[in-house]
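Below is one structure, written out as structure tokens; comments come after it.
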Amino acid sequence: MTTVHDPARQRALVLRLKRVEGQLRGIQKLLETDADCEKVAQQMAAARKALDKTFFAMVGCVIAQGDLPADDVADMLARFS
0 MTTVHDPARQ RALVLRLKRV EGQLRGIQKL LETDADCEKV AQQMAAARKA LDKTFFAMVG
60 CVIAQGDLPA DDVADMLARF S
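Residues in the sequence shown are numbered consecutively from 0, following numbering that gives the first Met the number 0.
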């Protein structure tokens, strides 16, 4: 497999994940304070979408780097998306 080589792209991915981490902590607090289920569900959907966007940004990095053949990238997308 390959890794993200570009430090700027790597940092951007880490920052995205830190934002998701904050979202997840917020969801935990909502649950602990007996928040309305619809509000919790909305925040969960937002966190899930943020993770998906981070995943596709990482795949974009892999494609831009050109380290993997197109078939391997397609396989990764099929397995994990």
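Heads up, the beta-carbon is just placed ideally off N, CA and C, and yes, glycines get one too.
- Taking C-beta atoms as the reference points, V19 and A49 count as a pair closer than 7 Å.
- Taking a C-beta distance under 7 Å as the contact criterion, Q22 and A46 qualify as a contact pair.
- In the three-state reduction of the DSSP assignment, V3 falls in the coil class.
- Separation of G59 and V72 (C-alpha to C-alpha, rounded to the nearest whole angstrom) is 10 Å.
- V39 places its beta carbon 7 Å or farther from that of T1.
- The beta carbon of P68 is closer than 7 Å to none in its chain, skipping five residues each way along the sequence.
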